[in-house]
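**Student:** One structure, as structure tokens, below. Some questions next.
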Amino acid sequence: MQTHVAKRVEIIIEAVMERRLTAALTDAGVTGFTVLPVLGGGGRSGVWSREGQVTRAGGMVAVIAIVAPERVDPLVEAAFAVVERHIGVISITDCEVLRANRF
Amino acid sequence: MQTHVAKRVEIIIEAVMERRLTAALTDAGVTGFTVLPVLGGGGRSGVWSREGQVTRAGGMVAVIAIVAPERVDPLVEAAFAVVERHIGVISITDCEVLRANRF
Amino acid sequence: MQTHVAKRVEIIIEAVMERRLTAALTDAGVTGFTVLPVLGGGGRSGVWSREGQVTRAGGMVAVIAIVAPERVDPLVEAAFAVVERHIGVISITDCEVLRANRF
Amino acid sequence: MDGLFALAAANILSPMVLCFALGFGAALARSDLSVPEAAAKALSLYLLFAIGFKGGVSVAQSGVGVDLVAALLAGTVLSAAIPILAFAILRAISRLSVVDAAAVAAHYGSISVVTFVAGTSALDGAGIAYEGYMVAVAAAMEAPAILSALWLIGKKGGTAEREDGLLREILLNGSIVLLVGAFAIGWATGRDGMARIDAFIVAPIQGGLCLFLLDMGLVAGRGFLSARGDLKAPVIVFGLVMPLIGGILGLVAGLLIGLSAGGLALLVTLSASASYIAVPAAMRVALPEANPSIYLTLSLGVTFPFNLTVGIPVYIAAATLVAGS
Amino acid sequence: MDGLFALAAANILSPMVLCFALGFGAALARSDLSVPEAAAKALSLYLLFAIGFKGGVSVAQSGVGVDLVAALLAGTVLSAAIPILAFAILRAISRLSVVDAAAVAAHYGSISVVTFVAGTSALDGAGIAYEGYMVAVAAAMEAPAILSALWLIGKKGGTAEREDGLLREILLNGSIVLLVGAFAIGWATGRDGMARIDAFIVAPIQGGLCLFLLDMGLVAGRGFLSARGDLKAPVIVFGLVMPLIGGILGLVAGLLIGLSAGGLALLVTLSASASYIAVPAAMRVALPEANPSIYLTLSLGVTFPFNLTVGIPVYIAAATLVAGS
Amino acid sequence: MDGLFALAAANILSPMVLCFALGFGAALARSDLSVPEAAAKALSLYLLFAIGFKGGVSVAQSGVGVDLVAALLAGTVLSAAIPILAFAILRAISRLSVVDAAAVAAHYGSISVVTFVAGTSALDGAGIAYEGYMVAVAAAMEAPAILSALWLIGKKGGTAEREDGLLREILLNGSIVLLVGAFAIGWATGRDGMARIDAFIVAPIQGGLCLFLLDMGLVAGRGFLSARGDLKAPVIVFGLVMPLIGGILGLVAGLLIGLSAGGLALLVTLSASASYIAVPAAMRVALPEANPSIYLTLSLGVTFPFNLTVGIPVYIAAATLVAGS
Ligand SMILES: Nc1ncnc2c1ncn2[C@@H]1O[C@H](COP(=O)(O)O)[C@@H](O)[C@H]1O
Ligand SMILES: Nc1ncnc2c1ncn2[C@@H]1O[C@H](COP(=O)(O)O)[C@@H](O)[C@H]1O
Ligand SMILES: Nc1ncnc2c1ncn2[C@@H]1O[C@H](COP(=O)(O)O)[C@@H](O)[C@H]1O
Ligand code: NA
Ligand code: NA
Ligand code: NA
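Chains as they are written, first to last, in this note's numbering: chain A, 25 to 127; chain B, 25 to 127; chain C, 25 to 127; chain D, 21 to 345; chain E, 21 to 345; chain F, 21 to 345.
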């Protein structure tokens, strides 16, 4: 099938910042994103897990946005502005998509 | 270690269509796939979240299939046939795998 | 923004092996990883789903680690040593990251 | 009239209705209060099981005959017929497309189990008896409306997905299976079965209903916030008037088959209620082009609160009046 | 004999057994009915806590002595011995590999807490008393079978994973810790502790068990559908006969240590039951080459329903007969 | 003194405290026992709803006047003032940075609902009455401490995030909304409302609290294991002494406004308790540089168990002594 190049941006960020991140993405013209739950992880600040937790502190989510290549810079800048002072990881991968007009 | 090129196909699709999608993938000769839960997201049809929902409408899942490069076309065609009339996003990324004979 | 090349390693592995895998990753010098829940899947050993399950057997998790390119080999070797006798899939993708000193 | 107001006041000031209002208000105020998806689903399974089982036990005690069959038939016919009327009304008063109108119509033919539970709880509170088998009628009314709507689409030249799996999916959806199954188990085990599990399903049910309604309020409120733009005035009017029209049909049907005042009130409630679990899921499969924010918001954010607050007391008053108790 | 049939009928027509059947049937019919994973786990924690606590309180009231030690010892020996017998039988009658046979054998030496709860519930229904400490015996029987099976593998030249973490993981698995912990808390707080939480753990437990069995039926039915091909006839026969063999061993051991009729019935039930939570997880770690669809389906889809329906009444009848009540 | 020891012994040997200890111990022993996140959240919603509703009903029955306003005011002042004292102490005795000290201080001004529930449960056990509106005071004490800590940061030249959404997020966080909402519903529906749902929220609450404390023990134990290194001795000392200091402030304030002995004990308990749900989440947003393993571990792993075991009996003894009952 006919495919088009795009970028897959994956942002792993604290759950408490989710709303702020997705608002920033929308402001930056991102047309779509998907939020995945995260069970746990480890990093410089130690190992953590969501098991049995009731506070929203100490949980993370993974936000995936697939965008046309020309939109990746504003997206990443908007995301970085939110993540900057916080725990979080942003990665960008080349990918192909169908229906290019959607991204 | 010795690695082999492969394709990682990620299909974000409505939960109600999951069974149909995985059946279509299997028919297309896909040997393995993994289904991840999705918490929420946003797109042209607005922002949504699974919190507190009891209906299966309005939820999505992410299906990941890693396949040998030569199998990616039938996979994507099978997936697209299911996604076509529905909400959903298909992306294809180059990757490397161990144990090539499995894909 | 200034980005740096890195590798995104995704390991889909049985939930019972999670602790062993993350310990092996840490031993191999991986500085961070994130664990995502998995709902179900299909492969040579059949189709499975977590719905209603109480045993930890027969569930999987997806572990994502983003690392500097020079660290990917020890990571993959450590992961493979854990996965080898078990059900599981390892894939490696090129990506770009911000703040390279973190990986 | 006095009785109606007292009933309405008692209903609106019940912890259940106030819990729904709390959730709705919290969502509108953008509080982060939320019920985990797994907990909401577990509560819904609990309510289906409890209400089904109770109905079955009551049938085991009172026995049934041809009246059950008549009620099932009446329910099936109502569920199949209401969407056709609803579709005609929607096409006449709103600008919804054929597909959107059919999808909305399917919801109003089918039923909402929580509205039914709230109805039984109001009847219990008012000390009015009802036929235990009405829960089986509820189950019978879930699916026909969907088939009716798909038939409408076909007639209007639209295309709904029509594959093997769909019909089975509709008829064997989880809430029908659990409701019917629990009813059958209650019927089979009767008073003895009830004695073993009543501490779990009888006394705590109203409290469980409170938490479930809190969650529904949150979901409805959030849906309302994000779908405001999609709901035009005529559609909202439909969401407030259609329950009354459906209710009247239910009243007529119930009188024809000779239900008691309580049973009548429940058939009216079922006819007036709109689905928000099974039908939306079926519509996503069969009519993906229909806009879910219209039918979900209308059913959960307009009709459900209307029935919960105003509708149920009116239906009970009408039924007791008409059944000439 | 008459009594046995009455007992069996009462058992099979209990809401619990019918809930399991409902789940199993819904899965076979491919309904989408399902219990969220978190809800199923929460129910299982609730059952473990309730049954452990109750056992502890009953020990606090009646006191224990050397009989508890004897029972724990008997349970440990049974758990360690049964896998060796089960392995020999499996190798004789089926074509399972050494690894698969050892993995299956481990399940039958260990125990199923839900089968135990169903057993106590049947005894309560029939008014037969039993030793409160049997729940501690259940906990003691969870792990030895696993070590036994791993020892078997070693002897047969196979290699099981043998690392530091494994033994601790087996001995400190969540269900053992919660069962033993709740037992200890019940013992420590006794009648006073019970007075504070009985509304939570005594009256509602049978209803909670119903929903849990509904879920187990769904999981068993789905497992059965997808693993049919892996279960050959001799293996299925094993899944139906091994409970009886294990039960007889339990009967002999229980007679030797002088249990009451009720306690005897529970030891038989434990010996006859097969694990489906702790052992499968341990097998995935220690024997990854063993095929999980064999041991999971056999334990949950064959032996568990057998014990739930036919087994428990037979074990109770046998125990009351032999204990010469 | 004798009474204090008896009270302390009764408290420590309660199923609730032992469940916390079981969870803590299981975590330290690295057992895989765990409560699903959704189940833990559902239990916390249940406790908030039940305790809020109960408080509201009791206010509906006894009526309130200016004493409620005085108590709300006292709570607000305590919540705002305690962080300033706590901050000064932390900076004097530990090497925590301004940001870390302010974040910890915010937790001690705010409150822990579970500690409050445990306090009411101990009072119920000892047969001591308390003002129903104390639950509203608990809600009023959640947020001011956060604002106080952010003000401190500003004064010390630090920068906290200060955007529109933050204040609303703090004031409308889920636990405040549910607690206040349930209180209002209880107040509005009074005895009638209670009659409909008491089987759900009164009798089972202590059992539900047991499972929730088991989960808190697991989370606290795991947090303790992984954050040991971050907690230096002076900080741990703070976590044990600050509750007493906060408690004394609460005692003085409560005497000034003339609370009953039971109400006094609860105000002391609230002042002595440290938040572990709402404040940590607010700190992650507003003070991301503060180290969560310090404030979470201190609040949940040090102060919470201290209050649960030693603190509550001491607070009750002090309050009854001082209120000269
Ligand atoms: N290299 C990485 N790859 C994947 N996830 C990471 C990585 N580094 C950090 N994370 C995630 O971000 C969280 C916080 O990281 P840190 O700030 O390093 O403690 C971790 O617990 C992980 O969930
Ligand atoms: N570009 C995208 N990247 C990631 N997920 C997307 C994207 N577009 C849509 N989605 C997901 O698909 C859902 C439906 O999209 P839409 O049809 O645009 O409303 C969204 O709510 C997201 O969960
Ligand atoms: N090619 C693949 N792509 C994605 N996930 C896979 C793939 N192969 C296997 N898996 C996952 O690994 C599990 C076990 O695979 P298998 O060992 O082939 O049965 C499957 O149930 C999937 O969850
Ligand atoms: Na209807
Ligand atoms: Na056994
Ligand atoms: Na405090």
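C-beta atoms are modelled at their ideal positions from N, C-alpha and C, and glycine is treated no differently.
1) Relative to ligand 3, is the shortest distance from any of its heavy atoms to the C-beta of R242(E) smaller than 8 angstroms?
2) Relative to the C-alpha of Q77(A), which candidate in G147(F), L234(F) and C39(F) has its C-alpha closest?
3) Just checking L290(E) against ligand 5 - is the residue's beta carbon closer than 8 angstroms to any of the ligand's heavy atoms?
4) Is G83(E) close to ligand 1? I mean its beta-carbon at under 8 angstroms from any heavy atom of the ligand.
5) Could you list which residues in chain A have their beta carbon closer than 7 angstroms to that of I297(F), in chain order?
6) Closer than 9 angstroms, CB to CB, is N327(E) near chain C or not?
7) Is the shortest distance between the beta-carbon of S291(F) and the beta-carbons of chain A less than 9 angstroms?
8) Name the residue from I36(C), T27(C), A39(C) and R44(C) whose alpha carbon lies nearest to the alpha carbon of D184(E).
9) Pairing CB atoms from the segment 95-113 of chain B with CB atoms from the segment 95-107 of chain A, are three or more of them under 8 angstroms?
10) By the 10 Å Cβ neighbour count, where 16 or more other Cβ atoms means buried, how is L276(E) classified, buried or exposed?
11) From R211(F) to V77(F), what distance separates their C-alpha atoms?
12) Tell me the DSSP bridge mates of E120(A)?
13) If you measure from each CB to the nearest heavy atom of ligand 2 and keep those under 6 angstroms, what residues do you get, in chain order?
14) Counting only beta-carbon atoms, is A247(E) nearer than 9 angstroms to chain C?
15) Taking DSSP as the reference, what is the three-state secondary structure of F57(A)?
16) Please determine, among F40(F), G206(F), L24(F) and A301(F), the residue with the shortest C-alpha to C-alpha distance to G358(F).
17) Should S82(E) go down as buried or exposed, given a rule of 16 or more other Cβ atoms within 10 Å for buried?
18) Look at the alpha carbon of L167(E) and the alpha carbon of A306(E), and state the distance between them as a whole number of angstroms.
19) By how many angstroms is the C-alpha of Y296(F) removed from the C-alpha of A146(F)?
20) Take R74(A) and list the residues in its own chain whose beta-carbon comes closer than 7 angstroms to its own, dropping the five residues that flank it on each side.
21) Quick one: give me the first and last residue of the beta strand (DSSP E) that M236(D) is part of.
22) Given 8 angstroms as the limit, tell me if V62(A) has its C-beta closer than that to any heavy atom belonging to ligand 1.
23) Roughly how far, in whole angstroms, is the beta-carbon of V124(F) from the beta-carbon of L318(F), given that I think they are within contact range, below 8 angstroms?
24) Excluding the 5 residues preceding and the 5 following Y153(E) in the sequence, name in chain order all residues of the same chain whose CB lies nearer than 7 angstroms to its CB.
25) Using the three-state DSSP reduction, which class does E42(C) fall into: helix, strand or coil?
26) If I follow the unbroken beta strand (DSSP E) through G65(A), where does it start and stop?
27) Taking buried to mean at least 16 other C-beta atoms within 10 Å of its own C-beta, is N311(D) buried or exposed?
28) Who does G1(B) pair with in a DSSP beta bridge?
29) On a CA-only basis, which of A204(D), A301(D) and T329(D) is nearest P263(D)? Give me that one, please.
30) Between which residues of its own chain and A338(F) is the CB-CB distance below 7 angstroms, once the five residues before and five after are set aside?
31) Specify the secondary structure class of M154(F) as computed by DSSP and reduced to three states.
32) Pick helix, strand or coil for V119(F), following the three-state DSSP scheme.
33) With a cut-off of 9 angstroms, does the C-beta of E34(A) fall near any C-beta of chain C?
34) List the residues of chain B that E101(C) touches, going by C-beta distances under 7 angstroms, in chain order.
35) Per DSSP, I221(D) is paired with what?
36) Once the 5 residues before and after G321(E) are set aside, which same chain residues still bring their CB inside 7 angstroms of it?
**Tutor:** From the atom records:
1) In the fifth sequence, the residue the question calls residue 242(E) occupies position 222. The answer is no for R242(E).
2) Counted from its first residue, the first sequence places residue 77(A) at position 53. Among G147(F), L234(F) and C39(F), the Cα nearest to that of Q77(A) is on L234(F).
3) The residue you call residue 290(E) lines up with position 270 of the fifth sequence. At a cut-off of 8 angstroms, the beta-carbon of L290(E) counts as near ligand 5: some heavy atom of the ligand is closer than that.
4) The residue given as residue 83(E) occupies position 63 in the fifth sequence. For G83(E), the distance from the CB to the nearest heavy atom of ligand 1 is not below 8 angstroms.
5) Residue numbering aside, residue 297(F) sits at position 277 when the sixth sequence is read from its first letter. The contacting residues are V78 and T79.
6) Start at 1 with the first residue of the fifth sequence, and residue 327(E) comes out as number 307. When Cβ-Cβ separations below 9 angstroms define contact, N327(E) makes no contact with chain C.
7) What you label residue 291(F) is simply residue 271 of the sixth sequence in a count that begins at 1. It does not: the Cβ of S291(F) has no partner Cβ on chain A nearer than 9 angstroms.
8) To locate residue 184(E), count along the fifth sequence from 1; it is residue 164. When only C-alpha atoms are compared, the closest one is R44(C).
9) No: the two stretches stay apart, fewer than three of their Cβ pairs being nearer than 8 angstroms.
10) Stepping through the fifth sequence from its first residue, residue 276(E) is reached at position 256. L276(E) is exposed by the Cβ-count criterion.
11) Counting from one through the sixth sequence, the residue named residue 211(F) turns up at place 191. Counting from one through the sixth sequence, the residue named residue 77(F) turns up at place 57. Here the C-alpha atom of R211(F) lies approximately 6 angstroms from the C-alpha atom of V77(F).
12) The residue you call residue 120(A) lines up with position 96 of the first sequence. Answer by DSSP bridge pairing, in chain order: V29(A) and I116(B).
13) The set of residues with CB atoms less than 6 angstroms from any heavy atom of ligand 2 reads, in chain order, T55(A), G56(A), F57(A), T58(A), I88(A), A89(A), I90(A), F127(A), I36(B), G65(B), G66(B), G67(B), R68(B), S69(B), W72(B), M84(B), I111(B) and V113(B).
14) Within the fifth sequence, the letter at position 227 stands for residue 247(E). Closer than 9 angstroms to some Cβ of chain C, the Cβ of A247(E) qualifies, so yes.
15) Taking the first sequence and counting its residues from 1, one reaches residue 57(A) at position 33. The answer is strand: DSSP assigns F57(A) an E or B state.
16) Outside the modelled stretch of chain F, which goes from 21 to 345, sits residue 358(F), for which no answer is possible.
17) Walking along the fifth sequence from the start, residue 82(E) turns up at place 62. Exposed is the call here.
18) Counted from its first residue, the fifth sequence places residue 167(E) at position 147. Counted from its first residue, the fifth sequence places residue 306(E) at position 286. Looking at the two C-alpha atoms, the distance is approximately 10 angstroms.
19) In the sixth sequence, counting from the first residue as 1, residue 146(F) sits at position 126. In the sixth sequence, counting from the first residue as 1, residue 296(F) sits at position 276. Cα-Cα distance, rounded: 27 angstroms.
20) For the purposes of this step, residue 74(A) is taken as residue 50 along the first sequence, with counting starting at 1. Only L63, G64 and G83 meet the Cβ criterion.
21) Your numbering for residue 236(D) matches position 216 in the fourth sequence. Premise fails: M236(D) lies in the alpha helix (DSSP H), I225 to A247, not in any beta strand (DSSP E).
22) In the first sequence, counting from the first residue as 1, residue 62(A) sits at position 38. Under cutoff, so the answer is yes.
23) Within the sixth sequence, numbered from 1, the residue matching residue 124(F) stands at position 104. Within the sixth sequence, numbered from 1, the residue matching residue 318(F) stands at position 298. Contact flag correct, Cβ pair sits at about 6 angstroms.
24) Position 133 of the fifth sequence, counted from the start, is the residue given in the question as residue 153(E). Result list for Y153(E): G75, V79, V84, L88 and A91, in chain order.
25) Within the third sequence, numbered from 1, the residue matching residue 42(C) stands at position 18. DSSP, read as helix, strand or coil, puts E42(C) in helix.
26) If you number the first sequence from 1, residue 65(A) lands on position 41. G65(A) -> beta strand (DSSP E) spans G64 to G67.
27) Counting from one through the fourth sequence, the residue named residue 311(D) turns up at place 291. Looking at its Cβ environment, which holds 16 or more other Cβ atoms inside 10 Å, N311(D) is buried.
28) Residue 1(B) is absent from the model: chain B starts at 25 and stops at 127.
29) For this step, residue 263(D) is matched to residue 243 along the fourth sequence. Nearest C-alpha to P263(D): T329(D).
30) Here residue 338(F) is taken as the residue at index 318 of the sixth sequence, counted from 1. Taking C-beta separations shorter than 7 angstroms and ignoring five residues to either side along the sequence, the partners of A338(F) in its chain run L271 and V288, following chain order.
31) As a position in the sixth sequence, residue 154(F) is number 134, starting the count at 1. Helix.
32) Start at 1 with the first residue of the sixth sequence, and residue 119(F) comes out as number 99. Helix, per DSSP.
33) In the first sequence, counting from the first residue as 1, residue 34(A) sits at position 10. Taking 9 angstroms as the threshold, the shortest C-beta distance from E34(A) to chain C falls below it.
34) Here the question's residue 101(C) lines up with position 77 in the third sequence. The contacting residues are M25.
35) Start at 1 with the first residue of the fourth sequence, and residue 221(D) comes out as number 201. Bridge pairing for I221(D): absent [DSSP].
36) For the purposes of this step, residue 321(E) is taken as residue 301 along the fifth sequence, with counting starting at 1. Sequence-distant partners of G321(E) (beyond 5 residues in either direction) whose C-beta falls short of 7 angstroms from its own C-beta, in its chain, are A240, G243 and F244.
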